[in-house]
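The next block holds one structure in the form of structure tokens; read it before the comments.
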Amino acid sequence: MTTQTAENVKLFNSGHTACAGCGLALAARLVLQATGPKVIVVNATGCLEVFTTRSPQTAWGIPWIHSLFENQAAVATGVEAALRALGRGDEARVIAWGGDGASADIGFGGISGMWERYDDVLYICYDNEAYMNTGIQRSGLTPFKGHTSTSPAGKVSLGNMKQKKNIPAIAVAHGLPYVATATVAYPKDLERKVKKAMEVRGPRYLQILVPCPLGWGHATSDTISMSKLAVETGLNPLFEYIDGKLATAMTVKQKPVEEYLKPQSRFKHLFRDAAGAEQIKLIQEIANSNFAKFKVEAVK
Amino acid sequence: MKKVTEGLKAVAESVALCRPDVISAYPITPQTHIVEELAQIVADGKLKCEFINVESEFSAASTVLGASAAGARAYTATSSQGLLLMMEVLYNMAGMRLPVVITDANRAVSAPINIWSDWQDAITVRDAGLIMMYAEDNQDCCDMHYQAFKIAEDPEVQLPVMVNMDGFILTHAFDPIDFPSQADIDKYLPKFKPLDFLSANNPRSFGLMGGPDRYLETRYAMAETFKSITPVILKAADDFKKMFGRYSGGMIEEYRMEDAETVLVSMGSTISDLKEAVDTMREKGKKIGVLKIRILRPYPAAEIKQALSRCKRVICVEKAISLGGPGILAAELKSAIYSNANKPEVSNFIIGLGGRDVKQDHIFELVEKAEKGVCETEFIGLDMKLVEEMDK
Ligand SMILES: Cc1ncc(C[n+]2csc(CCOP(=O)(O)OP(=O)(O)O)c2C)c(N)n1
Ligand code: SF4
Ligand SMILES: [Mg+2]
Numbered sequence: 199m200t201t202q203t204a205e206n207v208k209l210f211n212s213g214h215t216a217c218a219g220c221g222l223a224l225a226a227r228l229v230l231q232a233t234g235p236k237v238i239v240v241n242a243t244g245c246l247e248v249f250t251t252r253s254p255q256t257a258w259g260i261p262w263i264h265s266l267f268e269n270q271a272a273v274a275t276g277v278e279a280a281l282r283a284l285g286r287g288d289e290a291r292v293i294a295w296g297g298d299g300a301s302a303d304i305g306f307g308g309i310s311g312m313w314e315r316y317d318d319v320l321y322i323c324y325d326n327e328a329y330m331n332t333g334i335q336r337s338g339l340t341p342f343k344g345h346t347s348t349s350p351a352g353k354v355s356l357g358n359m360k361q362k363k364n365i366p367a368i369a370v371a372h373g374l375p376y377v378a379t380a381t382v383a384y385p386k387d388l389e390r391k392v393k394k395a396m397e398v399r400g401p402r403y404l405q406i407l408v409p410c411p412l413g414w415g416h417a418t419s420d421t422i423s424m425s426k427l428a429v430e431t432g433l434n435p436l437f438e439y440i441d442g443k444l445a446t447a448m449t450v451k452q453k454p455v456e457e458y459l460k461p462q463s464r465f466k467h468l469f470r471d472a473a474g475a476e477q478i479k480l481i482q483e484i485a486n487s488n489f490a491k492f493k494v495e496a497v498k
Numbered sequence: 005m006k007k008v009t010e011g012l013k014a015v016a017e018s019v020a021l022c023r024p025d026v027i028s029a030y031p032i033t034p035q036t037h038i039v040e041e042l043a044q045i046v047a048d049g050k051l052k053c054e055f056i057n058v059e060s061e062f063s064a065a066s067t068v069l070g071a072s073a074a075g076a077r078a079y080t081a082t083s084s085q086g087l088l089l090m091m092e093v094l095y096n097m098a099g100m101r102l103p104v105v106i107t108d109a110n111r112a113v114s115a116p117i118n119i120w121s122d123w124q125d126a127i128t129v130r131d132a133g134l135i136m137m138y139a140e141d142n143q144d145c146c147d148m149h150y151q152a153f154k155i156a157e158d159p160e161v162q163l164p165v166m167v168n169m170d171g172f173i174l175t176h177a178f179d180p181i182d183f184p185s186q187a188d189i190d191k192y193l194p195k196f197k198p199l200d201f202l203s204a205n206n207p208r209s210f211g212l213m214g215g216p217d218r219y220l221e222t223r224y225a226m227a228e229t230f231k232s233i234t235p236v237i238l239k240a241a242d243d244f245k246k247m248f249g250r251y252s253g254g255m256i257e258e259y260r261m262e263d264a265e266t267v268l269v270s271m272g273s274t275i276s277d278l279k280e281a282v283d284t285m286r287e288k289g290k291k292i293g294v295l296k297i298r299i300l301r302p303y304p305a306a307e308i309k310q311a312l313s314r315c316k317r318v319i320c321v322e323k324a325i326s327l328g329g330p331g332i333l334a335a336e337l338k339s340a341i342y343s344n345a346n347k348p349e350v351s352n353f354i355i356g357l358g359g360r361d362v363k364q365d366h367i368f369e370l371v372e373k374a375e376k377g378v379c380e381t382e383f384i385g386l387d388m389k390l391v392e393e394m395d396k
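First to last, the sequence lines map onto chains A and B. Everything in the first sequence is counted per the working numbering, starting at 199 for the first residue and increasing by one. Everything in the second sequence is counted per the working numbering, starting at 5 for the first residue and increasing by one.
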């Protein structure tokens with residue numbers, strides 16, 4: 199966990215209503231700790247927006263705007279354009295952020311448009327792998343075979359049929375100068391990546407995996423260990439692409455995917471019978487291929 | 005300076021005179037020439053402004069929303085399907101009290117897809133919290149834009165304003181337009197001074213959740229604002245007249261209504277057709293006049309009630325329809341005049357949908373029908389042979 203400095207307490211204040219052990223609240227604080235106060239944040243509808251603002255209260259110590267579930271990118275474009283038009287370009291940098299639903303699904307068209315325009319906006323996707331704010335429905339970033347309320351495991355189904363949509367690859371394909379993944383178990387890495395992203399001009403993309411005890415069904419005290427295991431199993435590799443080239447990938451001691459899946463009730467249907475075991479094998483293959491793809495040396 | 009100009013280009017030039025800081029719009033017929041012309045004006049260096057190309061009207065509206073929240077004067081334009089795609093953003097923009105100006109080139113809504121004029125598009129957003137102005141001709145339309153920014157940005161108002169112009173009938177018509185000078189417009193419309201905006205120097209949160217404990221009061225505050233907008237609209241027109249010598253204003257306009265027993269009520273360019281028909285009917289001795297609704301929101305109920313306090317018959321001529329519901333203009337009008345002692349009959353007719361020509365004979369026909377008895381959402385100008393064919 200991070201230490202709370204006076205500064206980060208001021209930029210992201212406590213007293214919000216996130217669930218205990220919420221990885222999202224932790225990530226938002228870490229991000230602002232890295233950016234400092236000279237930012238304007240555009241927040242899509244979702245858990246983070248709801249648990250930090252309940253009129254007239256706000257947890258935010260930075261200028262912050264929430265408009266809709268799916269327009270965060272275009273609103274950020276407008277803010278950034280206004281700062282330039284009004285000669286206030288040095289006042290602040292613009293950040294847009296949203297959940298995996300806002301980013302990979304409903305708001306994706308707007309994000310693609312913003313990337314193509316090459317706007318000077320850092321886009322952050324807080325990936326808790328489902329629509330948590332509305333009660334754990336699947337998104338384009340829900341993992342393969344994960345149970346959600348709209349991809350339920352049942353007699354003839356073993357959960358979500360699709361693999362995670364590869365947004366970082368799509369970001370790279372847009373020609374972004376900086377694309378990275380991070381997660382809360384590695385706060386130094388996360389802060390370094392935010393700082394790096396802030397040094398770059400133009401569109402940048404950061405995808406942060408944020409465990410959600412409520413939606414994933416793990417103990418509230420396991421948030422950090424789930425985040426860590428997601429990386430160690432290879433299911434959520436941490437990497438950076440700079441100017442379209444793989445620049446860094448975090449090296450880890452590879453662990454079997456079961457260690458990550460088992461403590462989470464969203465995967466419990468995979469541990470019942472042979473059919474489930476087959477699926478775990480497929481999940482292991484996804485992890486292995488990630489290791490190969492990002493040339494991560496799996497330290498045995 | 006008078007210059008023969010196409011309606012859309014005239015609007016673009018007028019908007020440029022208002023010096024918006026940020027423009028974002030997306031092409032759609034019949035609005036497209038506005039975005040093209042503004043792009044050119046910016047490209048030619050005649051206007052210092054951020055012109056943002058986006059991938060949809062939804063993002064165009066969102067971009068100007070963000071720009072306005074950051075303290076910029078912001079403008080967008082659209083039509084029909086594009087306006088419907090903006091709908092969610094428009095409600096949000098109004099709720100956040102952002103004074104964006106929007107031009108809508110009024111066009112029919114699909115299906116069937118149809119690029120021609122009626123009012124259906126803008127009518128669907130009338131409850132969103134926008135001030136809604138309807139232009140009768142292109143000079144009126146240009147003058148509305150200068151006033152629209154002034155009204156929107158008034159500290160007492162702080163709401164988006166939509167200027168409506170009938171697709172093709174106005175958008176593509178060439179008329180001599182009197183453009184004010186830049187210096188005069190700069191005097192009439194000084195730099196935008198937002199009350200509150202996104203700034204790192206004063207970090208505040210915008211767009212907070214308002215639960216059942218606050219939402220009602222927030223909407224009440226908006227409703228109250230709408231009650232006090234009329235004087236601001238009237239003043240914008242008075243100030244405009246002082247500066248430029250012509251009056252383009254008013255919530256409503258009365259035409260030959262002094263002794264009128266029958267009053268035709270409508271909006272937009274249809275008013276010109278009705279005025280022409282009224283002149284003809286007057287020559288034949290009919291006591292008839294026209295009432296123009298110039299501002300649809302805030303709805304000028306008191307002005308309408310007063311204007312219709314002497315007539316016997318009111319006929320609403322409407323270019324939009326609430327399918328399965330009553331005539332849209334008629335329903336609102338009836339509630340406005342409910343307590344009038346003269347108790348006029350109110351008929352309403354649906355006319356000109358999807359760009360169907362409104363002929364003078366159509367207007368004579370609907371007046372004749374209404375004189376025989378009250379008509380409710382009756383269609384005028386139908387091709388009955390086609391209707392029968394479609395039935396089969
Ligand atoms: C247009 C629209 N559709 C649906 C919703 C309902 N809705 C609000 S938040 C949300 C899910 C958010 O999911 P995500 O972006 O992953 O954020 P999270 O809450 O998981 O952090 C949904 C479906 C909405 N507000 N607007
Ligand atoms: S549901 Fe999940 S993401 Fe939302 S506040 Fe709770 S723990 Fe955080
Ligand atoms: Mg989510």
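By construction, the Cβ of each residue, glycine as well, lies at the ideal position given by its N, Cα and C atoms.
In the DSSP output, what is residue i paired with across the bridge?
i, result
"Thr57/B", "According to the sequence as given, residue 57/B is Asn; it is not Thr. DSSP output for Asn57/B lists no bridge partner at all."
"Glu257/B", "Lys296/B"
"Ser209/B", "Trp262/A"
"Glu239/A", "In the sequence under discussion, the amino acid at residue 239/A is Val, which differs from the Glu named in the question. In DSSP, Val239/A forms a bridge with Trp262/A, Ile293/A."
"Arg320/A", "In the sequence as displayed, the identity of residue 320/A is Leu instead of Arg. DSSP output for Leu320/A lists Ile293/A, Arg402/A as bridge partner(s)."
"Asp182/B", "Lys6/B"
"Asp108/B", "Thr82/B, Asn168/B"
"Thr256/A", "Thr251/A"
Assuming residue i contacts residue j under a Cβ cut-off of 8 Å, what Cβ separation, rounded to an integer in Å, is found between them?
i, j, result
"Gly254/B", "Arg298/B", "6 Å"
"Leu89/B", "Glu61/B", "4 Å"
"Gly333/A", "Lys343/A", "No, Gly333/A and Lys343/A are not in contact; Cβ-Cβ is about 20 Å, not under 8 Å."
"Trp123/B", "Ala324/B", "4 Å"
"Cys220/A", "Gly297/A", "No, Cys220/A and Gly297/A are not in contact; Cβ-Cβ is about 12 Å, not under 8 Å."
"Tyr69/B", "Leu102/B", "Note that residue 69/B is Leu in the sequence shown, not Tyr. Sure, about 6 Å apart at Cβ, within 8 Å."
"Ala73/B", "Phe201/B", "6 Å"
"Met2/B", "Ala126/B", "Nothing in the structure corresponds to residue 2/B, since chain B is present only between 5 and 396."
"Thr381/A", "Ser425/A", "5 Å"
"Ala98/B", "Ala64/B", "Contact doesn't hold; Cβ gap of about 16 Å is too wide."
"Ile233/B", "Val129/B", "The Cβ separation is near 17 Å, so there is no contact."
"Val408/A", "Tyr324/A", "5 Å"
Could you name the residues whose beta carbon sits closer than 6 Å to any heavy atom belonging to ligand 2, keeping them in chain order?
Ala216/A, Cys217/A, Cys220/A, Leu222/A, Cys245/A, Phe249/A, Asn326/A, Met330/A, Cys410/A, Pro411/A, Leu412/A, Gly413/A
Do the region 214-233 of chain B and the region 264-271 of chain A make contact, defined as three or more Cβ pairs closer than 8 Å?
In short, these stretches do not touch, since the Cβ pair count stays below three.
The region 307-316 of chain B contacting the region 174-186 of chain B, beta-carbon criterion three pairs below 8 Å:
no
Counting pairs of Cβ atoms below 8 Å between the region 164-176 of chain B and the region 482-490 of chain A, do you hit three or more?
no
Residues of the region 202-216 of chain B in Cβ contact with chain A at a cutoff of 9 Å, in chain order, please.
Leu202, Ser203, Ala204, Asn205, Asn206, Pro207, Arg208, Ser209, Phe210, Gly211, Leu212, Met213, Gly214, Gly215
I'd like to know if the region 314-327 of chain A and the region 107-116 of chain B are in contact, where contact means that at least 3 CB-CB pairs between them fall below 8 Å.
no
Okay, do the region 331-343 of chain A and the region 274-281 of chain A touch, 3+ Cβ pairs below 8 Å being the bar?
no
Quick one: which residues of the region 281-306 of chain A get their C-beta closer than 7 Å to a C-beta of chain B? List them in chain order.
Leu281, Arg282, Ala283, Leu284, Glu289, Ala290
At a CB distance below 8 Å, what residues from the region 75-95 of chain B approach chain A? Give them in sequence order.
Gly75, Ala76, Ala78, Glu92, Val93
Using Cβ-Cβ distances below 7 Å, what residues of the region 258-282 of chain A are close to chain B?
Trp258, Gly259, Ile260, Pro261, Trp262, Ile263, His264, Ser265, Leu266, Asn269, Ala272, Val273, Ala274, Thr275, Gly276, Val277, Ala279, Ala280, Leu281, Arg282
The region 364-371 of chain A in contact with the region 388-398 of chain A per 3-pair CB rule at 8 Å:
no
Going along the region 63-74 of chain B in order, which residues come within less than 7 Å of chain A, judged by CB to CB distance?
Ser63, Ser66, Thr67, Val68, Leu69, Gly70, Ala71, Ala73, Ala74
If contact is defined by three or more beta carbon pairs under 8 Å, each pair taking one atom from either stretch, is the region 408-420 of chain A in contact with the region 451-463 of chain A?
yes
Across the region 268-288 of chain B and the region 353-373 of chain B, are there enough close Cβ pairs to call them in contact, namely three or more that are closer than 8 Å?
Cβ pair count under 8 Å is three or more, so yes.
Selection of the region 12-24 of chain B by Cβ proximity to chain A, strictly under 8 Å
Here the close residues number zero.
Can you confirm whether the region 334-350 of chain B touches the region 256-263 of chain B when touching is taken to mean that 3 or more C-beta pairs between the two stretches lie within less than 8 Å?
no
How about the region 23-32 of chain B and the region 68-88 of chain B: do they share at least three Cβ pairs that are nearer than 8 Å?
yes
What are the residues of the region 455-466 of chain A that lie near chain B, defined by any Cβ-Cβ distance shorter than 8 Å?
none
Which residues, in order along the region 326-351 of chain A, keep a beta-carbon less than 8 Å from a beta-carbon of chain B?
none
Do the region 232-251 of chain A and the region 38-51 of chain B meet, that is, are 3 or more Cβ pairs less than 8 Å apart?
no
Which residues, taken in chain order from the region 226-237 of chain A, show a beta carbon closer than 8 Å to some beta carbon of chain B?
Pro235, Lys236, Val237
Relative to chain B, which residues along the region 384-416 of chain A have a C-beta separation below 7 Å, given in chain order?
none
Any contact between the region 183-200 of chain B and the region 152-163 of chain B? By contact I mean 3 or more CB pairs, one from each, below 8 Å.
yes
Output, in sequence order along the chain, the residues in the region 112-140 of chain B whose CB is closer than 8 Å to any CB in chain A.
Per Cβ criterion, the list is empty.
Below 7 Å between beta carbons is the criterion; list the residues of the region 35-56 of chain B that meet it against any residue of chain A, in chain order.
Cys53, Glu54, Ile56
Any C-beta of chain A within less than 9 Å: which residues of the region 356-378 of chain B qualify?
none
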